[in-house]
Amino acid sequence: MIVQMKNEPTMTVGILDRQREVTGRLNGDFVGEGFGPVSGRFSAKTESGMIVLTNEQCHEIARSPFIRLTGLIKQHIFSPHEGREGEGGVPARAGRGLMPGEGATQAPLTAGKDSTFTLFNVIIGISFHWERREDQTFQGNLILAEREDGTITAINEILLEDYLQSVISSEMSPAAPLEFLRTHAILSRSWLLKALERKRRFTGRGTFSRCAPLDVGCEGVYVPAQSDIPANVNERISHAHTEEIVRWYEQEDHDLFDVCADDHCQRYQGITKILSDKAAEAVWKTRGQVITYDNEICDARYSKACGGLTEAFETAWDDTRIPYLTSISDAAILHRPVATEEAVTRWILSEPEVYCNTKDAAILDKILPDFDRETKAFFRWTIAYFREELEEILREKSGLDFGTLKEIEPLSRGASGRIYRLKITGSIRSVIVGKELEIRRWLSKTHLYSSAFIVKAEYGAHGEIERFIFYGAGWGHGVGLCQIGAAVMATREFSADKILRHYFPGTEIRKVY
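Under my numbering, read the sequence shown as residues 1013 to 1525, first letter to last.
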């Protein structure tokens, strides 16, 4: 049942996690509990179970296991005898920031847009092929929370609609067609509200209220290291001489915040990537709107490029059929699901007429962020490994020694050709691995573009395998909306409503606040 919300939710986004030191700059006046205002460059390190916050001169500002820095709204301080600003002929005007305990009557301390903060060396695209570091600037509050291992998590507390402006500017170019940005605003809002609802149901946690305590504790993966991957399932099942390992990843694994800022949840790069007013317009014109199915907010998944057929939910996550997350043709005409290995081979080696099959540089420049444009081949792609190279990658990514690699065999595929059970056979062991993201992780130093691939082995003069060649389709898990396909639809004057109905059949748009 859809619950109508009285107010726009506030949420928490993990920007940096498990850091020995967090550095940045407060671009304006911020206050914390019992201190402030402070501004300028800062550094945060842990010491004896506390976060020690220092300024550019290395003077200590605060010492606590949990620090919330709130940007001040510049406004007039009025006495009980004055009219409020903008009321009774009192002009609205800027004043100095309010401090706790000051004045006769005060507005509550909330994060304002007059003050922003910058975090240095934020990692984006963690463990993907576009991984890099950037300095990023954010609106809202900055929270620094210490973990039990003595590291620090930097969290942005922000209103949901402000968050969305950044998401749609980070996921795709803000120069993309307005109807596509409107589509993405509705899509991202739906995914987020459903994810937070699911997180509260499974964990009892949630931080919708600005005043709620942070439960020192949202397609796309936070993968800093093999030992630190939050997985919903981590099974090792023995089948005679074969192990089966099944893993998938969901946002409710994040404990200190609602959602992370990277591709595991939704790309969120603060105001750094908001380069036009179109993102704000798209969010404002769709304020509070979500897609729904059977009177429930939709779990609206999306990926970069489906490859011509979208994928069913259960291929990437748990074994649950979701009616609006089934495989559909990314085209005005019907392309049938691929049901056999022969059909998969024909599909992957073909160039079907579908929305996401565009090589128009002008369109791609208009819809993709700069670092995504570095990926030239995403609709159909090829990657080759020497056998010894792939053996080493498998040892590093799986933690298992397969010995001499003998065979890579798809066992189960979804309707788009994406593999969710793959058998890898070596001279030492055989392992069945799933689901789609874990397969992509194991077979690349970063991630394969998708698990929709066929494998061909090249043999040497003495009959041994020399190389494995992967021929693939698409970029991402393929479930739900295809971002490039949807953007191309928008360039062809499809409305946001028609785009969403295409990718999420049987859904409707509703306003929840």
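Cβ atoms here follow ideal geometry from the backbone N, Cα and C, with glycine treated the same way.
Bridge partners - residue i, DSSP secondary structure assignment
| i | result |
| --- | --- |
| TYR1314 | LEU1493 |
| SER1341 | LEU1321 |
| ASN1168 | VAL1025, LEU1154 |
| TYR1305 | GLU1308 |
| PRO1186 | Answer is none; PRO1186 lacks a bridge partner. |
| SER1424 | ARG1433 |
| ASN1133 | Paired residue(s): none; ASN1133 is not in a bridge. |
| ARG1037 | ARG1053, THR1130 |
| LYS1447 | Paired residue(s): none; LYS1447 is not in a bridge. |
| PHE1047 | GLY1044 |
| GLN1148 | LEU1131 |
| ARG1392 | ALA1485 |
| GLY1438 | LEU1417 |
| SER1076 | ILE1063 |
Three-state class that DSSP yields for residue i in the structure shown
| i | result |
| --- | --- |
| SER1462 | coil |
| LYS1457 | coil |
| GLN1031 | strand |
| GLY1475 | coil |
| LEU1268 | coil |
| ARG1522 | strand |
| ALA1351 | coil |
| GLU1577 | Since the first residue of the chain shown is 1013 and the last is 1525, residue 1577 is not available in this structure. |
| SER1055 | strand |
| GLN1177 | helix |
| VAL1295 | helix |
| ALA1485 | strand |
| PHE1516 | coil |
| THR1082 | strand |
| LEU1380 | coil |
| VAL1541 | It is not possible to answer for residue 1541, since the shown part of the chain is limited to 1013 through 1525. |
| ALA1207 | helix |
| THR1066 | strand |
| VAL993 | Here the chain has residues from 1013 to 1525 only, and residue 993 is not among them. |
Whole-angstrom C-beta distance between residue j and residue i, which should lie under 8 Å
| i | j | result |
| --- | --- | --- |
| LEU1038 | LEU1081 | 7 Å |
| PHE1390 | TYR1483 | About 14 Å separates the two Cβ atoms, so there is no contact after all. |
| CYS1494 | THR1304 | Not quite, the Cβ-Cβ distance comes to about 21 Å (not below 8 Å), so this is no contact. |
| THR1128 | PHE1150 | 6 Å |
| THR1332 | TYR1432 | No, THR1332 and TYR1432 are not in contact; Cβ-Cβ is about 13 Å, not under 8 Å. |
| LEU1376 | THR1370 | 7 Å |
| ILE1136 | GLU1146 | 6 Å |
| LYS1447 | VAL1179 | The Cβ separation is near 25 Å, so there is no contact. |
| GLY1426 | SER1315 | Not really, about 13 Å apart at Cβ, beyond 8 Å. |
| LEU1412 | ARG1441 | 7 Å |
| SER1185 | GLN1278 | Wrong, their Cβ atoms sit about 16 Å apart, outside the cutoff. |
C-beta atoms of residue i and residue j nearer than 8 Å
| i | j | result |
| --- | --- | --- |
| ILE1170 | GLY1026 | no |
| VAL1443 | ARG1313 | no |
| GLU1068 | ARG1053 | yes |
| THR1519 | TYR1336 | yes |
| ASP1289 | CYS1318 | no |
| GLU1020 | LEU1204 | no |
| ILE1481 | THR1394 | yes |
| LEU1190 | LEU1028 | no |
| TRP1454 | LYS1510 | no |
| THR1024 | ASP1270 | yes |
| GLU1470 | GLU1478 | yes |
| LYS1018 | GLN1301 | no |
| GLY1282 | GLN1148 | yes |
| LEU1402 | TRP1260 | no |
| ARG1159 | ARG1030 | yes |
| VAL1350 | GLY1472 | no |
| ILE1521 | ILE1198 | yes |
| GLU1308 | ILE1014 | yes |
| LEU1157 | LEU1065 | For the record, residue 1157 in the displayed sequence is Ala; it is not Leu. No; because the gap between Cβ atoms is not below 8 Å, this pair is not in contact. |
| ALA1485 | TRP1329 | no |
Same chain, Cβ closer than 7 Å to residue i, neighbours up to 5 away in sequence not counted
| i | result |
| --- | --- |
| GLN1177 | ILE1286, ALA1291, ALA1292, VAL1295 |
| GLY1438 | PHE1414, GLY1415, THR1416, LEU1417, LYS1418 |
| HIS1196 | ILE1180, GLU1183, MET1184 |
| VAL1044 | Checking the sequence shown, residue 1044 turns out to be Gly, not Val. Closer than 7 Å at Cβ, skipping near neighbours: ALA1074, ILE1079, ARG1080, LEU1081. |
6 Å Cβ shell around residue i - same chain, five flanking residues per side excluded
| i | result |
| --- | --- |
| ALA1499 | ALA1188, PHE1192, ILE1379 |
| VAL1366 | GLY1320, ASP1342, ALA1343 |
| LYS1435 | GLU1421, LEU1423, ILE1444 |
| THR1035 | SER1055, PHE1132 |
| GLY1162 | THR1058 |
| PHE1325 | ILE1334, LEU1337, VAL1491 |
Neighbourhood of residue i by C-beta, 8 Å cutoff - its chain only, sequence neighbours within 5 removed
| i | result |
| --- | --- |
| ARG1194 | ALA1294, LYS1297, THR1298, ALA1508 |
| PHE1516 | ILE1303, TYR1305, CYS1310, ALA1312, TYR1336, LEU1337, GLY1492, LEU1493 |
| PHE1047 | ILE1073, ALA1074 |
| ILE1405 | TYR1397, TRP1454, LEU1455, SER1456, LYS1457 |
| LEU1512 | THR1195, ILE1198, LEU1199, ILE1303, LEU1493, THR1519, ILE1521 |
Residue i: CB within 7 Å of a non-hydrogen atom of the ligand ZN
| i | result |
| --- | --- |
| SER1055 | Judged by which ligands are present, the structure shown has none, so any question about the ligand ZN falls away. |
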